[in-house]
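Accompanying notes for the structure given below.
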Amino acid sequence: MRTAISPLVVKQPRTLKDALRMLRDDGPLTPLAGCTDVYVGLNFGTLRDARFLNIWGLDDLRGIDVRGDVLRIGALTTHAEIVRSVLVRRRLPMLAAACREVGAVQIQNRGTLGGNIANGSPAGDSLPVLAAAEAFVELRSAEWTRTVPFGEFYTGYRKSVMRPDELITAVEIPRVEGAQWFRKVGTRAAQSISKVVMAAVRASRPRIALGSVAPTVVRARSTEEALAAGGAIEEAQRLLQDEISPIDDIRSTEAYRRFVAANLLMQFWTDTAPRGRARPGVNRRTR
Amino acid sequence: MTPAFRPIAFVLNGRRVAVRVHPLKRLLDVLREDCRLTGTKEGCGEGECGACTVIVDGKAVNSCLVPVAQAAGTRVTTIEGLHGRHRLQAAFAELGGAQCGICTPGMILAASTLGPKPTLDEVRTGLAGNICRCTGYEGIYRAIKAANKARGARREARGEGREARGTARARTAARRRRP
């Protein structure tokens, strides 16, 4: 481990209320959930944060249930728990598909949905799903609880509307009508970070979101509108190019990402084309 | 001067332990340095390779990404907890599941969480987070398959069915009672 840990401070709240009070009175503090991102930074000495809040023990933030017509997932719910959840597989199969592709078993057993959102990587596997599902992020502070539409959560590269005294406590997902689709493209099925990742819903008004092609996850709204209006898929593929701004980096190139994004759009459209009876579940050709 | 840390207690391979270390120290380092169990290996230190895999409350995790504070109150199993007698250990040794050996403890522990009769597909998915640069994986898959076959055969010989869990539990408890 390259970071010297002796100067690091960690607060250990017993309850959510304690945690929120510590964030307000003793901040700034970096929450520690499954640590699968934070500890990579600590191990390599690239993380500058020195004060942490260990929230892993706050069991109130775990669990999946349905309230009214809304699927509610606690922020500390792990990817493994999401993959196994019958509720998620039935109502939001594209999220189960995304969580199944996060790292491998060891990471899925620790990494949390709230952590994936808070980390804010443009390549976060669950993020295009939450964008396409038009989810809401529940944020709590010692004083208030507010709910932010996922589409308004990020303001830039790893930047969000979340305040330093707030904690992500849950994600709420209204019922999604239509066929759900998810695909992650990377160098290897497990462990790799995506080159391009896309989640989409085929309904009268399609919803399409992509990761790893811009500073934040993006909704392809012009592309969606063109498809909703009955436009040709080739035209939609052209429009999509103006909605993404991929870069050359260690994992891929701009040109490849543009090419793959267009291909994924075509694959989504073909896979979800209405044929007699609508197929339940998510596309099975994920891997 | 070392600051006084509050003890962090957990059950390690069936025995209660308490360590006075910085709560953000990696579980990996606590196991190797403070508990003197060096069977758990460090590979990449970023959760990619799985060499440091241990089992926490029945789940395979990368011990390089777990602060020891988060192990408080849990049951941790390392390769030493299998006492060299696990059917997977014998099968790995017999069938070329291990060469240089660095990935082997993590590989065996991850394999031990796969349930009674994993399909090849389940084995590949379950071990996707454990990287081996020597064997090409075929020896490993062969060993896991053979170990599960041996287990089924032994159970049949003893006339045990699927209810054998109770027996296994009793055996673990007996081991724990030993001084």
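So the protein lines, in turn, are chains A and B. According to this note's numbering, numbering within the first sequence proceeds without interruption in unit steps and concludes at 316. According to this note's numbering, numbering within the second sequence proceeds without interruption in unit steps and concludes at 187. Don't be surprised by glycine CBs; every beta carbon is placed ideally from N, CA and C. None of these values were measured; they are calculated from a predicted model.
Specify, as a first and last residue, the run of the alpha helix (DSSP H) that residue i falls within.
i: residue 231(A); result: No alpha helix (DSSP H) holds residue 231(A); the beta strand (DSSP E) holding it covers 225-231.
i: residue 299(A); result: 283-300
i: residue 131(A); result: Neither: residue 131(A) is in no alpha helix (DSSP H) and is coded neither H nor E.
i: residue 257(A); result: 250-257
i: residue 118(A); result: 115-120
i: residue 46(A); result: 45-54
Any beta carbon from chain B within less than 8 Å of residue i's own beta carbon?
i: residue 145(A); result: no
i: residue 114(A); result: no
i: residue 218(A); result: yes
i: residue 85(A); result: yes
i: residue 288(A); result: no
i: residue 292(A); result: no
i: residue 148(A); result: no
i: residue 43(A); result: no
i: residue 64(A); result: yes
i: residue 132(A); result: yes
i: residue 135(A); result: yes
i: residue 35(A); result: yes
i: residue 139(A); result: yes
i: residue 30(A); result: yes
i: residue 73(A); result: yes
i: residue 226(A); result: no
i: residue 182(A); result: no
i: residue 68(A); result: yes
i: residue 39(A); result: yes
Start and end of the beta strand (DSSP E) containing residue i?
i: residue 197(A); result: 196-203
i: residue 239(A); result: 236-240
i: residue 273(A); result: Neither: residue 273(A) is in no beta strand (DSSP E) and is coded neither H nor E.
i: residue 32(A); result: Taken as a continuous stretch (DSSP letters only), residue 32(A) belongs to no beta strand (DSSP E), as it is neither H nor E.
i: residue 68(B); result: 67-70
i: residue 66(A); result: Careful: residue 66(A) lies outside any beta strand (DSSP E) and carries neither H nor E.
i: residue 15(A); result: Only positions 30 to 316 of chain A appear in the structure, and residue 15(A) is not among them; the question remains open.
i: residue 18(B); result: 16-20
i: residue 209(A); result: 208-214
i: residue 183(A); result: 183-185
Strictly under 8 Å for the Cβ-Cβ distance: is residue i near chain A by that measure?
i: residue 18(B); result: no
i: residue 41(B); result: no
i: residue 140(B); result: no
i: residue 103(B); result: no
i: residue 125(B); result: no
i: residue 88(B); result: no
i: residue 56(B); result: yes
i: residue 45(B); result: no
i: residue 37(B); result: yes
i: residue 22(B); result: no
i: residue 9(B); result: Summary for residue 9(B): the model assigns pLDDT 49, below 50, so the residue's position carries little reliability; its value from the coordinates is reported in the next sentence. Closer than 8 Å: no.
i: residue 49(B); result: no
i: residue 72(B); result: yes
i: residue 75(B); result: yes
i: residue 82(B); result: no
i: residue 28(B); result: no
i: residue 143(B); result: no
Using the beta-carbon count (16 or more within 10 Å), is residue i buried or exposed?
i: residue 186(A); result: exposed
i: residue 120(B); result: buried
i: residue 264(A); result: exposed
i: residue 31(B); result: buried
i: residue 224(A); result: buried
i: residue 154(A); result: buried
i: residue 299(A); result: exposed
i: residue 40(B); result: buried
i: residue 108(A); result: buried
i: residue 210(A); result: buried
i: residue 176(A); result: exposed
i: residue 320(A); result: Within the shown structure, residues of chain A are numbered from 30 to 316, placing residue 320(A) beyond reach of any answer.
i: residue 173(A); result: exposed
i: residue 222(A); result: buried
i: residue 195(A); result: buried
(Q) If contact is defined by three or more beta carbon pairs under 8 Å, each pair taking one atom from either stretch, is the stretch 118-136 of chain A in contact with the stretch 54-73 of chain B? (A) Three or more pairs of CB atoms, one per stretch, sit closer than 8 Å, so the stretch 54-73 of chain B contacts the stretch 118-136 of chain A.
Q: Kindly confirm or deny that the stretch 120-132 of chain B and the stretch 121-132 of chain A touch, where touching means at least three C-beta pairs closer than 8 Å.
A: Touching, no, given that fewer than three Cβ pairs across the two stretches are closer than 8 Å.
Q) Is the stretch 194-214 of chain A touching the stretch 97-105 of chain A in the sense that three or more CB pairs, one from each, lie closer than 8 Å? A) Taking a cut-off of 8 Å on C-beta distances, the stretch 97-105 of chain A touches the stretch 194-214 of chain A, as three or more cross pairs fall below it.
Q) Going along the chain, which unbroken runs of the alpha helix (DSSP H) with 4 or more residues stay wholly within the stretch 96-147 of chain B? A) Counting only runs that start and end inside the stretch 96-147 of chain B, the alpha helix (DSSP H) elements of at least 4 residues fall at 112-120 and 128-134.
Q.
For the stretch 168-175 of chain A against the stretch 251-260 of chain A, do three or more pairs of beta-carbon atoms, one drawn from each stretch, fall closer than 8 Å, so that the two count as touching?
A. Contact annotation: the stretch 168-175 of chain A does not touch the stretch 251-260 of chain A, with fewer than three C-beta pairs closer than 8 Å.
(Q) Taking contact to mean 3 or more Cβ pairs, one atom from each stretch, closer than 8 Å, check whether the stretch 284-292 of chain A and the stretch 38-58 of chain B are in contact. (A) Judged by Cβ distances under 8 Å, the stretch 284-292 of chain A makes no contact with the stretch 38-58 of chain B, as fewer than three pairs qualify.
**Q.** Inside the stretch 138-170 of chain A only - alpha helix (DSSP H) runs reaching at least 4 residues
**A.** For the stretch 138-170 of chain A, the full-length alpha helix (DSSP H) segments reaching 4 residues or more read 142-148 and 156-161 along the chain.
Q: Could you say if the stretch 48-61 of chain B and the stretch 13-32 of chain B meet the contact criterion of at least three C-beta pairs nearer than 8 Å?
A: Contact between the stretch 48-61 of chain B and the stretch 13-32 of chain B is absent, because fewer than three Cβ pairs lie under 8 Å.
Q | Meets three-Cβ-pair contact criterion under 8 Å: the stretch 145-155 of chain A and the stretch 139-152 of chain B | A | No, they do not touch.
(Q) I'd like to know if the stretch 242-252 of chain A and the stretch 265-278 of chain A are in contact, where contact means that at least 3 CB-CB pairs between them fall below 8 Å. (A) In short, these stretches touch, since the Cβ pair count reaches three.
Q. What are the uninterrupted segments assigned as beta strand (DSSP E) that are 3 or more residues long and contained completely in the stretch 43-84 of chain B, given in chain order?
A. Entirely contained in the stretch 43-84 of chain B, the beta strand (DSSP E) runs reaching 3 residues are, in chain order, 61-64 and 67-70.
Q. Are at least three pairs of beta-carbons, each pair with one atom in the stretch 97-114 of chain B and one in the stretch 102-121 of chain A, less than 8 Å apart?
A. By the C-beta criterion, the stretch 97-114 of chain B is judged not to be in contact with the stretch 102-121 of chain A, since fewer than 3 inter-stretch pairs fall below 8 Å.
Q | At least three beta-carbon pairs within less than 8 Å, the stretch 74-82 of chain B to the stretch 91-103 of chain B | A | The answer is no - the stretch 91-103 of chain B does not touch the stretch 74-82 of chain B, with fewer than three Cβ pairs under 8 Å.
Q) Three or more C-beta pairs closer than 8 Å, one from the stretch 78-92 of chain A and one from the stretch 37-51 of chain A: is that the case here? A) Contact between the stretch 78-92 of chain A and the stretch 37-51 of chain A is present, because at least three Cβ pairs lie under 8 Å.
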